[in-house]
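K.L.:
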Amino acid sequence: MTTQTYDAIIIGSGAGGSAVAYALVNAGKRVLMLEKGGQLPRDGSTLDVQRVFNQAEFKSKETWQDNRHSSFVPEEFYNVGGKTKWYGAALLRFSPHEFESDAAFQCLGWPIAYADLAPYYDQAEALLAVKHFANEPQLQTLIDRIVKSDANWQPQALPLGLKQEILQQPDEAKHFDGFASPGGYKGDAEENLLAPLLGTDRFTLHTQKEVTGLLAAEQSSLKITGVRCADGSSYRAPHVILAAGAMSSPRLLQDHLAQTGLDQTWPSAPLVGANFKLHINSALLAFSPFVNRDMLRKTAIIFNKNFPHSTVQCLGWLDGEILATQLPEFVPHFVANAMGRRAYGFFITTEDGSSVENRVVSGTESGQRPLLDYSLERIPASVAEHQALLKAFKRSLLRSGLLGTSRPMGLTGTAHALGSMVTGTNPETSVVDAKGRVHGFDGLYVADGSILPRSSRENPALTIYAWGLRLGVHLANKPREAA
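Heads up: the sequence shown is residues 654 to 1136, going by our numbering.
In structure tokens form, the structure reads like this:
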């Protein structure tokens, strides 16, 4: 009989997986983490606009298809730390009401309340050193004008996982939003959660390890005992935690269901991959007659009571080089540079409601590419609010002396992919229970954004960290023999 080496296997090293690992290892458990990608370089290449944006050197090359059979490459990243290495470090809590259902907006409710997650929000904020930065002069002047144009705009300081020292490093300060920090100035899953674990023999991280399947006990396909990898290796543990992200985790479970026949008998099978969300996001550029000399820029978020499911978030540094990556090739560099010096960037976000038809479909068993079947036509209330918000904000910008133009992010913009295995109490309407266990399964849990019933109007990262910490505490206190 093989000796059990690990208490838990975690698939993926992003926010949720790293949070579970942190909680388990600090509780004395032995953890194996399997990451499909490798370590990012520390040579400054992850701050290079051409390599990050134009060449997409660090992004996954996996091709998907949409519901019209068109091919696209989503913005997924397979590296230690996952997408947290590339996020803009905006770390906001969901509001208490965003744990409740909202039928008019097709929003599902959580099986837990805000209070259940609050202590883990506290812990995540401490681990990631979340803080506020003062608005720089030109941004503050613009915000004052926007509020003067319409008092319904309510700006707040944006909670950021950035070190104060980043302000003394202009190259890092200008390239943290959408870039990976080689100097460690950004709070992310690798720097703040995994790095402290690497010095203990209770934590093992294997990189370049793609998990391709789940292993089950001979007597029951509902009892998960380990994983198998693309290189032929396999590992076993009493707890297996899916944390590969909302685009990948449901595909692993779908493949297991298809291979074992559970797709025909397990009550939650139709919900695996369903209710997928990614926010309705638009990038808005506003151009001023004056040069924008602010550096950090991404320090404020703006709410409006007339758009309760939406926010306007300031973006980080923009210049001609960054702007040119989004402009047609025929636009001369001097034009891009002139525009970039006068540009303000905003990220317009609206919560997308849930539809069981919006889903991730694996394709492995049929030999097809993975499918993202997502249509805005299925969530009309979300679309209406987003369009109204864009119109209202552009109007306020114009009154403030800036001309705004926007572009939808579309299906490739999967930075906020979530909701493809929602948590709930009923196995016929959800996939994961309130403690993170997949309904009806023994030994299988989900730690990533797949479980989020609602996308909310805020960035989901902090909530995923908090969920992962909560799951880790639960598993640490769970008797080993009951796994």
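Backbone N, C-alpha and C fix where the C-beta goes; we use that ideal spot for every residue, glycine too.
Could you check if MET918 is buried or exposed, using at least 16 other CB atoms within 10 Å of its CB as the buried criterion?
P.N.:
Indexing the sequence shown from 1 puts residue 918 at position 265. Correcting the residue type first, residue 918 is Thr in the shown sequence and not Met. With fewer than 16 Cβ atoms within 10 Å of its Cβ, THR918 is classed as exposed.
K.L.:
With a 10 Å radius around its C-beta and 16 neighbouring C-beta atoms as the bar for buried, classify VAL944 as buried or exposed.
P.N.:
The residue given as residue 944 occupies position 291 in the sequence shown. With fewer than 16 other Cβ atoms within 10 Å, it is exposed.
K.L.:
Quick check on this structure: which residue in GLN791, PRO727, ASP841 and THR853 has the alpha carbon closest to the alpha carbon of GLY1054?
P.N.:
The count along the sequence shown starts at 1 and reaches residue 1054 at position 401. The residue with the shortest Cα to Cα distance from GLY1054 is GLN791.
K.L.:
Work out the CA separation of ASN928 and ALA757 for me, nearest whole Å.
P.N.:
Working through the sequence shown from its first residue, we reach residue 757 at position 104. Working through the sequence shown from its first residue, we reach residue 928 at position 275. Straight-line Cα distance between these residues: approximately 16 Å.
K.L.:
Mapping DSSP to helix, strand and coil, what is THR865?
P.N.:
Position 212 of the sequence shown, counted from the first residue, corresponds to residue 865. Here THR865 sits in strand by DSSP.
K.L.:
Skipping 5 residues on each side, what residues in its chain have a beta carbon closer than 7 Å to that of SER1108?
P.N.:
As a first step, residue 1108 must be located in the sequence shown, where it is residue number 455. Answer for SER1108: LYS930, HIS932, GLU1004, ASP1005, HIS1069, LEU1071 and GLY1072, listed in chain order.
K.L.:
Taking 6 Å as the cut-off, is the CB of LYS930 close to at least one heavy atom of the ligand MG?
P.N.:
Ligands displayed in this structure: none; no statement on the ligand MG is therefore possible.
K.L.:
If you pair each beta-carbon of the stretch 1074–1094 with each one of the stretch 1045–1062, do three or more pairs fall below 8 Å?
P.N.:
no
K.L.:
CA-CA distance, THR1076 and GLU974?
P.N.:
For the purposes of this step, residue 1076 is taken as residue 423 along the sequence shown, with counting starting at 1. For the purposes of this step, residue 974 is taken as residue 321 along the sequence shown, with counting starting at 1. Distance between the alpha carbons of THR1076 and GLU974: 42 Å.
K.L.:
With 16 as the cutoff for other CB atoms within 10 Å, does MET1074 come out buried or exposed?
P.N.:
For the purposes of this step, residue 1074 is taken as the residue at position 421 of the sequence shown. Buried.
K.L.:
Mapping DSSP to helix, strand and coil, what is GLN946?
P.N.:
As a position in the sequence shown, residue 946 is number 293, starting the count at 1. At residue 946 the sequence reads Arg, which differs from the Gln that was named. Note: ARG946 maps to coil in three-state DSSP.
K.L.:
For a test of the three-state rule: what should DSSP assign to GLN809, helix, strand or coil?
P.N.:
Locating residue 809 in the sequence shown gives position 156, where the first residue counts as 1. In the structure shown, GLN809 sits in a strand (DSSP, three-state: E or B).
K.L.:
Any contact of the stretch 831–844 with the stretch 732–746, i.e. 3+ C-beta pairs under 8 Å?
P.N.:
yes
K.L.:
For the candidate residues TRP1120, SER1103, SER713 and ARG1048, whose alpha-carbon lies nearest to that of LYS801?
P.N.:
The count along the sequence shown starts at 1 and reaches residue 801 at position 148. Checked all of TRP1120, SER1103, SER713 and ARG1048; the closest Cα to LYS801 is ARG1048.
K.L.:
Straight-line CA distance for TYR1027 to GLU1010?
P.N.:
As a first step, residue 1027 is located in the sequence shown; it is residue number 374 there, counting from the start. As a first step, residue 1010 is located in the sequence shown; it is residue number 357 there, counting from the start. Each residue's Cα considered, the two are about 7 Å apart.
K.L.:
If you follow the alpha helix (DSSP H) that ALA1045 is in, where does it begin and where does it stop?
P.N.:
The residue labelled residue 1045 in the question sits at position 392 within the sequence shown. Counted as a single uninterrupted DSSP element, the alpha helix (DSSP H) harbouring ALA1045 occupies residues 1033–1052.
K.L.:
Excluding the 5 residues flanking LYS712 on each side, which residues of the same chain have their C-beta closer than 8 Å to its C-beta?
P.N.:
Numbered from 1 along the sequence shown, position 59 holds the residue referred to as residue 712. Result list for LYS712: VAL726, GLU728, GLU729 and PHE730, in chain order.
K.L.:
Could you check if PHE752 is buried or exposed, using at least 16 other CB atoms within 10 Å of its CB as the buried criterion?
P.N.:
Within the sequence shown, numbered from 1, the residue matching residue 752 stands at position 99. With 16 or more other Cβ atoms within 10 Å, it is buried.
K.L.:
Would a C-beta distance cut-off of 7 Å place LEU1097 and VAL893 closer than the cut-off?
P.N.:
Mapped onto the sequence shown, residue 1097 falls at position 444. Mapped onto the sequence shown, residue 893 falls at position 240. Yes. Within cutoff.
K.L.:
In whole angstroms, what separates the C-alpha of ARG1110 from that of LEU924?
P.N.:
The residue labelled residue 1110 in the question sits at position 457 within the sequence shown. The residue labelled residue 924 in the question sits at position 271 within the sequence shown. Distance between the alpha carbons of ARG1110 and LEU924 is about 23 Å.
K.L.:
Is GLN821 helix, strand or coil when you go by DSSP?
P.N.:
In the sequence shown, the residue the question calls residue 821 occupies position 168. Three-state result, GLN821: helix.
K.L.:
Please list, in chain order, all residues of the same chain as ARG1090 whose beta carbon is under 6 Å from its beta carbon, the five residues on each side excluded.
P.N.:
Position 437 of the sequence shown, counted from the first residue, corresponds to residue 1090. Result list for ARG1090: TYR1098, in chain order.
K.L.:
Considering just the uninterrupted stretch of the alpha helix (DSSP H) at LEU792, what are its terminal residues?
P.N.:
Start at 1 with the first residue of the sequence shown, and residue 792 comes out as number 139. 790–802 is the span of the alpha helix (DSSP H), which, as asked, contains LEU792.
K.L.:
Could you name the residues of the same chain whose beta carbon sits closer than 6 Å to that of TYR856, not counting the 5 residues immediately before and after it, in chain order?
P.N.:
Taking the sequence shown and counting its residues from 1, one reaches residue 856 at position 203. Note that residue 856 is Phe in the sequence shown, not Tyr. Counting only Cβ-Cβ distances below 6 Å, and skipping sequence neighbours, we find VAL678, VAL684 and LEU850.
K.L.:
In its own chain, which residues sit with a C-beta less than 7 Å from the C-beta of ALA661, not counting the 5 before and 5 after it?
P.N.:
In the sequence shown, the residue the question calls residue 661 occupies position 8. The residues are LEU677, LYS682, VAL684, ALA890, HIS892, ILE894 and LEU1128.
K.L.:
On a Cα-Cα basis, can you pick out the residue from ARG704, ASP797, ALA668 and LEU905 that is closest to PRO1113?
P.N.:
Within the sequence shown, residue 1113 is the residue found at index 460, counting from 1. Taking only the C-alpha atoms, the option nearest PRO1113 is ALA668.
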